[in-house]
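Trainee: In my numbering, the protein residues as written are 13 to 457.
All C-beta atoms, glycine included, are put in the ideal place defined by N, C-alpha and C.
Just so we're clear, the structure is a prediction, and the values are computed from it rather than from any experiment.
Quick one: the structure is below, and I'll ask about it shortly.
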Ligand code: AMP
Ligand code: GLY
């Protein structure tokens with residue numbers, strides 16, 4: 013079997029790693045992939061959003077299954093194109109992906125289907141937006157409706173901050189057309205939880221929940237990032253809460269999308285706020301989350317490949333068994349580049365602290381990292397000068413460089429393994445949190 017993973021980050025490395033575990037005989041391809049993925053598969057130099065070239069590759073190489081990581085190709089219609097060409101692909105169509113790509117569509121859908129979420133109003137002129145803020149009070153949440161690379165959400169504590177956010181989005185076009193329309197949203201109080209569900213258009217099969225760590229620094233301080241770490245399981249992810257999320261969130265949302273003629277096939281990610289009044293939706297994503305995937309998949313005992321193949325081939329998962337999970341816990345620490353998230357410094361050589369090169373994913377290659385799984389995200393193998401005999405060097409090539417997952421009997425064990433391996437890896441400017449899982453660890457203390 014030949015499988016193509018579209019994308020080249022830590023999430024895609026974790027997907028490729030799990031699919032290879034599920035089917036060791038399969039050949040994995042990734043476009044564009046990364047040096048970590050190339051240890052288990054073949055990376056092809058095609059950009060994740062170059063849909064015509066991806067389709068040609070799949071036709072030429074007779075790929076059996078394509079799995080899409082990032083939202084950009086989904087919103088650009090990769091699934092529509094592949095399905096029209098009769099190719100098995102896992103992901104939602106562009107119309108269904110609007111649940112992530114248009115916050116307005118997502119909010120209207122939730123309101124129509126009675127899904128619990130923050131109250132919001134939509135505005136395309138600054139005056140009406142300011143009036144809505146004055147009515148809502150502070151803190152207030154201001155969001156660009158379109159895709160803004162995770163940066164289009166501002167929590168304003170004062171009138172001044174709110175005015176600035178509104179002006180930058182609607183007048184200065186800081187997020188381009190993504191900010192042509194903005195949402196003024198009620199601020200919700202509670203703990204966040206990410207729940208992924210595999211969906212076949214009608215049925216949603218939930219995975220265990222995970223908690224992301226969005227702020228750069230320990231104690232949830234510093235600027236927002238793409239995610240500095242994650243862990244699972246989470247003890248507030250109780251059976252009764254999950255039953256509520258199934259019946260009040262996933263089931264009605266799939267029904268609403270079906271009514272809109274936009275069946276959701278793929279991975280639906282619910283970002284939840286567990287408020288005193290029960291779980292409420294912060295946002296949906298139409299894809300696996302990063303770095304939650306790097307924590308969740310190492311704990312999954314079931315075959316991900318089997319259920320993904322069923323969905324990609326148009327089958328039903330109504331009778332699929334529930335996911336099975338390993339006992340214990342997983343914790344992922346993200347190692348970010350110097351300057352992240354503001355101005356990323358690329359090209360720093362990645363080494364082990366014992367001086368050896370970190371050029372292999374081989375889990376037993378070095379005793380300092382063998383107890384963890386090192387997923388590559390922003391890395392690049394720099395080829396040596398032809399005239400020298402030196403080896404290729406692994407260097408940083410992106411904001412989030414590596415995601416280091418520890419799996420252990422307890423969360424404390426998992427965090428310990430993740431940190432031990434993280435501390436064994438060095439590059440100039442390396443930044444990482446040391447408190448992944450702190451909510452859970454203090455909850456149980
Ligand atoms: P993202 O859209 O992933 O950049 O999310 C930004 C973050 O803003 C979320 O993870 C929440 O922590 C926070 N957030 C977004 N909307 C709300 C809301 N209505 N109430 C409270 N916090 C929110
Ligand atoms: N972990 C947040 C995201 O994937 O959007």
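Whose C-beta lies closer than 6 Å to the C-beta of residue 356 among residues of the same chain, with five residues either side of it excluded?
Mentor: Along the chain shown, read from residue 1 onward, the residue named residue 356 stands at position 344. Once the five neighbours on either side are set aside, the close Cβ partners of residue 356 are 349 and 411.
Trainee: The ligand GLY heavy atoms versus the CB of residue 281: any closer than 8 Å?
Mentor: On the chain shown, position 269 is the one that residue 281 refers to. Yes - the ligand GLY has a heavy atom lying nearer than 8 Å to the Cβ of residue 281.
Trainee: Any idea what DSSP makes of residue 403, helix, strand or coil?
Mentor: Numbered from its first residue, the chain shown carries residue 403 at position 391. Correct three-state label for residue 403: coil.
Trainee: Where does residue 286 sit, in a helix, a strand or coil, going by DSSP?
Mentor: Your numbering for residue 286 matches position 274 in the chain shown. DSSP places residue 286 in strand when its eight states are reduced to three.
Trainee: Is the stretch 290-299 close to the stretch 400-417, with three or more CB pairs under 8 Å?
Mentor: Cβ pair count under 8 Å is below three, so no.
Trainee: Using a Cβ-Cβ cut-off of 7 Å (strictly less than) and excluding sequence neighbours within five positions of residue 104, which residues of its own chain qualify?
Mentor: On the chain shown, residue 104 is found 92 positions in, with the first residue counted as 1. For residue 104, where only same-chain residues beyond five positions count, the Cβ hits under 7 Å are 86, 91, 276, 277, 278 and 298.
Trainee: So for residue 31, helix, strand or coil by DSSP?
Mentor: For the purposes of this step, residue 31 is taken as the residue at position 19 of the chain shown. Helix at residue 31.
Trainee: Going by DSSP, which residues form a beta bridge with residue 385?
Mentor: Along the chain shown, read from residue 1 onward, the residue named residue 385 stands at position 373. Its beta-bridge partners are 417.
Trainee: Check this for me: beta carbons of residue 390 and residue 46, under 9 Å apart or not?
Mentor: Taking the first residue of the chain shown as 1, we reach residue 390 at position 378. Taking the first residue of the chain shown as 1, we reach residue 46 at position 34. Taking 9 Å as the Cβ cut-off, residue 390 and residue 46 qualify as a contacting pair.
Trainee: Please report how far the alpha carbon of residue 20 lies from the alpha carbon of residue 43, in whole angstroms.
Mentor: By 1-based counting over the chain shown, the position of residue 20 is 8. By 1-based counting over the chain shown, the position of residue 43 is 31. The straight-line gap from Cα to Cα measures roughly 7 Å.
Trainee: From the DSSP output, in three-state form, read off residue 153 for me.
Mentor: Looking up residue 153 in the chain shown gives position 141. Three-state result, residue 153: strand.
Trainee: Measure the alpha-carbon distance for residue 423 versus residue 168 and round it to whole angstroms.
Mentor: Reading the chain shown from its first residue, position 411 is the one you call residue 423. Reading the chain shown from its first residue, position 156 is the one you call residue 168. Taking the straight line from one Cα to the other gives about 34 Å.
Trainee: Inspect the beta-carbon positions of residue 344 and residue 303 and report whether they are closer than 9 Å.
Mentor: Against the chain shown, residue 344 aligns to sequence position 332. Against the chain shown, residue 303 aligns to sequence position 291. A contact, by the Cβ cut-off of 9 Å.
Trainee: In whole angstroms, give me the CA-to-CA distance for residue 52 and residue 190.
Mentor: On the chain shown, residue 52 is found 40 positions in, with the first residue counted as 1. On the chain shown, residue 190 is found 178 positions in, with the first residue counted as 1. Approximately 37 Å, taken between the alpha carbons.
Trainee: How many whole angstroms separate the CB atoms of residue 156 and residue 181, which I take to be in contact at a CB cut-off of 8 Å?
Mentor: For the purposes of this step, residue 156 is taken as residue 144 along the chain shown, with counting starting at 1. For the purposes of this step, residue 181 is taken as residue 169 along the chain shown, with counting starting at 1. So it is a contact: roughly 5 Å between Cβ atoms.
Trainee: Exposed or buried, residue 185, counting other C-beta atoms within 10 Å across all chains shown (16 or more means buried)?
Mentor: One-based indexing of the chain shown puts residue 185 at position 173. Result: exposed.
Trainee: Which residue wins for smallest C-alpha separation from residue 235, given the options 445, 413, 454 and 58?
Mentor: Taking the chain shown and counting its residues from 1, the one referred to as residue 235 is at position 223. Taking only the C-alpha atoms, the option nearest residue 235 is 445.
Trainee: I want to check one thing, is the minimum distance from the CB of residue 325 to the heavy atoms of the ligand AMP below 8 Å?
Mentor: Locating residue 325 in the chain shown gives position 313, counting from the first residue. Not under cutoff, so the answer is no.
Trainee: Are the stretch 308-323 and the stretch 54-73 in contact at 8 Å, needing three or more beta carbon pairs?
Mentor: In short, these stretches do not touch, since the Cβ pair count stays below three.
Trainee: Within the continuous beta strand (DSSP E) that includes residue 218, where are the two ends?
Mentor: In the chain shown, the residue the question calls residue 218 occupies position 206. Taken as a continuous stretch (DSSP letters only), the beta strand (DSSP E) holding residue 218 covers 216-218.
Trainee: Check this for me: beta carbons of residue 257 and residue 200, under 9 Å apart or not?
Mentor: Stepping through the chain shown from its first residue, residue 257 is reached at position 245. Stepping through the chain shown from its first residue, residue 200 is reached at position 188. No. Outside cutoff.
Trainee: On the three-state DSSP scale, how would you describe residue 210?
Mentor: Within the chain shown, the letter at position 198 stands for residue 210. Here residue 210 sits in strand by DSSP.
Trainee: With H, G and I counted as helix, E and B as strand and the rest as coil, what does DSSP make of residue 11?
Mentor: Missing from the structure shown is residue 11; the chain here goes from 13 to 457 and no further.
Trainee: Following the continuous alpha helix (DSSP H) through residue 75, name the residue where it begins and the one where it ends.
Mentor: For this step, residue 75 is matched to residue 63 along the chain shown. Unbroken run through residue 75: none, as it is neither H nor E.
Trainee: Say yes only if the C-beta of residue 107 is nearer than 8 Å to one or more non-hydrogen atoms of the ligand GLY, and no if none qualify.
Mentor: Numbered from its first residue, the chain shown carries residue 107 at position 95. Residue 107: no, Cβ never under 8 Å from the ligand GLY.
Trainee: Are the Cβ atoms of residue 340 and residue 249 separated by less than 9 Å?
Mentor: Position 328 of the chain shown, counting from 1, holds the residue named residue 340. Position 237 of the chain shown, counting from 1, holds the residue named residue 249. Not a contact, by the Cβ cut-off of 9 Å.
Trainee: Name the DSSP beta bridge partners of residue 14, please?
Mentor: Counting from 1 along the chain shown, the entry for residue 14 is found at position 2. 39.
Trainee: Just how far apart, CA to CA, sit residue 375 and residue 246?
Mentor: Mapped onto the chain shown, residue 375 falls at position 363. Mapped onto the chain shown, residue 246 falls at position 234. Any reading at residue 375 must be qualified, since the residue scores a pLDDT of 49, below 50, and its modelled position is unreliable; the value itself is stated next. One C-alpha to the other measures close to 26 Å.
Trainee: Since residue 210 and residue 178 are thought to touch, with beta carbons under 8 Å apart, how far apart are those beta carbons, to the nearest angstrom?
Mentor: The residue you call residue 210 lines up with position 198 of the chain shown. The residue you call residue 178 lines up with position 166 of the chain shown. Not quite, the Cβ-Cβ distance comes to about 38 Å (not below 8 Å), so this is no contact.
Trainee: Compute the minimum distance between the beta carbon of residue 238 and the heavy atoms of the ligand GLY, and state whether it is under 8 Å.
Mentor: As a position in the chain shown, residue 238 is number 226, starting the count at 1. Result yes, Cβ under 8 Å from the ligand GLY.
Trainee: What would DSSP say about residue 373, mapped onto helix, strand or coil?
Mentor: Residue numbering aside, residue 373 sits at position 361 when the chain shown is read from its first letter. Residue placement at residue 373 is poorly supported in this model, since its pLDDT is 49, which falls under 50; the coordinates still yield a value, given next. Residue state, collapsed to three classes: coil.
Trainee: Is the beta carbon of residue 331 within less than 8 Å of some heavy atom of the ligand GLY?
Mentor: Position 319 of the chain shown, counted from the start, is the residue given in the question as residue 331. Checking the Cβ of residue 331 against the ligand GLY gives no.
Trainee: Helix, strand or coil, according to DSSP, for residue 23 in the structure here?
Mentor: Counted from its first residue, the chain shown places residue 23 at position 11. In this structure, residue 23 counts as helix in the three-state DSSP scheme.
Trainee: Any heavy atom of the ligand GLY closer than 8 Å to the beta-carbon of residue 226?
Mentor: Position 214 of the chain shown, counted from the first residue, corresponds to residue 226. Yes, Cβ of residue 226 sits closer than 8 Å to a heavy atom of the ligand GLY.
Trainee: Have a look at 29, 164 and 25 and flag the residue whose alpha-carbon is nearest the alpha-carbon of residue 188.
Mentor: Indexing the chain shown from 1 puts residue 188 at position 176. Nearest option by C-alpha distance: 164.
Trainee: Give me the Cα-Cα distance between residue 63 and residue 83, rounded to the nearest whole angstrom.
Mentor: Position 51 of the chain shown, counted from the first residue, corresponds to residue 63. Position 71 of the chain shown, counted from the first residue, corresponds to residue 83. Taking the straight line joining both Cα atoms gives about 13 Å.
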